[in-house]
Each structure stands twice: as structure tokens, then as C-alpha cells.
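What follows is one structure encoded as C-alpha cells, with my remarks underneath.
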Amino acid sequence: MRIIQTPRAGDFVEIEMREEKAVIVNIEKRINDLNRPPIANIDQMIIVMSAVDPDFSVNLVDQMLIMANFHHIDVVLVVTKMDLIDAGHYVHDDINDYEKSGYKVVRSGKHYDTSEIEELVANKFTVLSGQSGAGKSSLLNRINPNFDLRIQETSKALGRGKHTTRHVEFLPVAKGWVADTPGFSKIDLTQLSKEELRDSMLEFQEPAQDCRFRDCYHINEPGCAIRSGVEAGTIVLKRYENYVKFYQDIDDTRKRY
């Protein structure tokens with residue numbers, strides 16, 4: 001039997017023993033399937049972003065939230081290096097914006113307790129995803145020093161983290177399985193349709209029922225409840241501005257082809 005799909009971390013497979021070697025003969029149907037990171041059958045995604053060093057990126061968080069929502073994967077945002085910022089730092093406002101938008105945010109730092117994160121990953125298949133240098137491997141090392149995962153300082157020249165994790169690997173954490181993955185700085189959302197992008201903005205779904213037009217994209221249509229929500233402050237402006245940017249990127253890509 002020839003396997004057409006390429007196996008990836010998270011796959012459930014059937015094997016046969018051939019000459020004392022285990023050979024994959026079938027890959028079971030995937031519940032979900034991500035390309036970045038390349039992983040399958042995930043219960044939840046934990047987006048790991050640092051408050052500083054490298055700087056917190058609302059743009060990248062929003063890209064990852066959209067991809068997680070598109071694949072119907074539960075998502076949690078963990079912000080690391082909170083011990084390195086003061087009470088007046090702008091990241092606190094960004095965190096409040098995500099909580100206002102309905103997302104769970106966990107604050108983390110060098111001397112922060114990891115019990116909340118351990119509770120989140122218990123009995124689940126979880127993927128850690130986020131920018132390079134945000135501290136994904138460091139977080140896992142704090143939960144279990146025996147992992148001894150390699151870490152590296154942020155590149156001062158580039159202002160972002162260096163890649164230290166080179167592959168996707170599941171590790172046993174709190175009776176669950178957590179995958180540490182290579183970091184990245186951008187996700188290509190142009191693979192989505194404009195409808196898929198719109199429907200992946202979860203905080204838009206309920207207020208969008210009051211839009212004048214059922215097929216409203218919340219860009220420049222009259223009677224748009226989402227734009228009214230932005231003006232009223234019930235929908236986060238930064239989130240909406242990123243949505244418009246992503247929409248325009250998709251629209252421009254479609255026009256080129």
C-alpha cells in the first residue's frame with residue numbers, strides 16, 4: 001500500500017512490522033491540519049509572544065488567531081517576559097484588548113508560576129506557536145527542566161529571535177502532549193478567501209448579525225455594525241485595522257491572478 005499523504009507530528013497511523021521495522025501503512029483522517037507549523041490533530045494552540053526582546057507583535061498574533069479560528073482550534077495567548085516591563089508599558093493595553101475581544105491571556109515571566117499553563121495543557125494535544133525568541137522552549141524548560149531544550153538569545157541586529165527549535169516534537173506535559181515548534185515572523189493569509197477571513201474574526205460574528213447586508217465584509221458597506229462597533233469602542237480598533245489590511249492583501253492577491 002502506498003501512502004499518499006506525508007506523515008506529520010500529531011498523526012494517528014497504522015503500522016506493519018516488515019523485517020523487524022515498523023512501516024506506516026495508513027494515516028487516519030485528520031481532525032485538523034496546519035502547514036505552519038506542520039502538525040495535525042491539535043486540540044488547542046497556545047500562541048507564545050514576548051512582551052519585549054523581541055517586541056510584542058499585534059500583527060502576528062492576529063494572523064495566528066485567524067489561522068487557529070479557521071481550523072476550529074481553541075486558542076490561548078501566553079505573553080512571556082512580563083517581568084521585563086513596567087506597569088506603564090503598552091503591552092498591558094494590548095493584552096487588555098485581546099481579553100476584551102474574548103481571548104484568554106496568560107501572563108508569564110521568569111519568576112511566574114507555571115501551574116495555570118500546566119492546567120491548560122492537561123489531557124490535551126497542544127501546539128506552542130509564535131515568534132522566534134519568544135520563549136517557547138524556555139517555558140517548557142521551566143515546567144520540566146529535564147526537557148533541557150536549547151534556547152538562544154534574541155538577535156540584536158535583527159531585533160527578533162533566532163530559530164533554536166528546528167523541528168516539531170511532542171513532549172509529555174501534565175498528562176497531555178505539547179509540541180514545541182520553530183518560531184516565525186509572518187503567516188501567509190492570502191491562502192484564505194475573503195469569506196474565510198471574515199468568518200475567522202470571532203468577535204465579529206455576533207455584532208455582524210446587525211449589519212444591513214448579510215454578506216457584509218465590514219470594509220465600506222453602509223449600515224455595517226462592525227464599523228459602528230469600532231467607532232463606539234466595543235470592537236478593538238487595532239484588531240479591525242489588521243482585519244482590513246489582511247482583507248486588502250487577499251483582495252490584491254486575487255486581482256493579480
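Just so you know, we're using my numbering here: the sequence shown kicks off at 1 and counts up by one.
We put the beta carbon where it would ideally sit given N, CA and C, even for glycine.
Values in this document were obtained by computation on a predicted structure and should not be read as measured data.
Nearest by alpha-carbon distance to residue i: which of the options is it?
i, options, result
"residue 168", "176, 175, 193, 181", "181"
"residue 202", "8, 19, 63, 125", "63"
"residue 27", "14, 209, 245, 33", "14"
"residue 251", "223, 235, 192", "192"
"residue 119", "4, 129, 216, 143", "143"
"residue 56", "185, 228, 230", "185"
"residue 174", "116, 129, 100, 229", "116"
"residue 90", "255, 58, 100", "58"
"residue 32", "236, 9, 51, 230", "9"
"residue 113", "140, 104, 134", "140"
"residue 73", "127, 85, 61, 84", "127"
"residue 171", "145, 99, 196", "145"
"residue 176", "50, 4, 5, 42", "42"
"residue 190", "249, 86, 234, 240", "249"
Rounded to a whole number of angstroms, what is the C-alpha to C-alpha distance between residue i and residue j?
i, j, result
"residue 16", "residue 30", "20 angstroms"
"residue 122", "residue 132", "25 angstroms"
"residue 11", "residue 39", "8 angstroms"
"residue 102", "residue 244", "20 angstroms"
"residue 35", "residue 226", "30 angstroms"
"residue 247", "residue 221", "14 angstroms"
"residue 209", "residue 65", "21 angstroms"
"residue 219", "residue 18", "58 angstroms"
"residue 267", "residue 138", "Since the first and last residues shown for the chain are 1 and 257, residue 267 lies out of range."
"residue 238", "residue 188", "19 angstroms"
"residue 75", "residue 97", "16 angstroms"
"residue 224", "residue 206", "13 angstroms"
"residue 160", "residue 130", "Only weak support is given to the placement of residue 160: the predicted model assigns it a pLDDT of 45, under 50, and the question is left unresolved by the model."
"residue 217", "residue 194", "8 angstroms"
"residue 214", "residue 92", "35 angstroms"
"residue 228", "residue 196", "22 angstroms"
"residue 61", "residue 4", "33 angstroms"
"residue 236", "residue 104", "15 angstroms"
"residue 99", "residue 230", "16 angstroms"
"residue 53", "residue 86", "14 angstroms"
"residue 147", "residue 240", "39 angstroms"
"residue 134", "residue 84", "13 angstroms"
"residue 234", "residue 198", "18 angstroms"
Starting from residue i, follow its DSSP beta bridges and name the residues at the other end.
i, result
"residue 34", "39"
"residue 18", "21"
"residue 235", "In DSSP, residue 235 forms no bridge with anything."
"residue 50", "80"
"residue 87", "Paired residues: none, contrary to the question."
"residue 179", "127, 170"
"residue 26", "14"
"residue 105", "77"
"residue 9", "39"
"residue 44", "74, 126"
How should residue i be labelled, buried or exposed, when 16 other C-beta atoms within 10 angstroms of its C-beta is the threshold for buried?
i, result
"residue 258", "Residue 258 falls outside the range modelled here, since the chain spans only 1 to 257, and no answer is possible."
"residue 242", "buried"
"residue 125", "buried"
"residue 136", "buried"
"residue 179", "buried"
"residue 232", "exposed"
"residue 212", "exposed"
"residue 88", "exposed"
"residue 254", "exposed"
"residue 37", "buried"
"residue 256", "exposed"
"residue 7", "exposed"
- Task: Say whether the stretch 42–60 touches the stretch 19–29, bearing in mind that this needs 3 or more beta-carbon pairs closer than 8 angstroms, one atom from each stretch.
- Result: no
- Item | Inter-stretch contact at 8 angstroms, needing at least 3 Cβ pairs: the stretch 196–211 / the stretch 66–75 | yes
- Task: Examine the Cβ distances between the stretch 106–113 and the stretch 77–86 and report whether three or more of them are shorter than 8 angstroms.
- Result: yes
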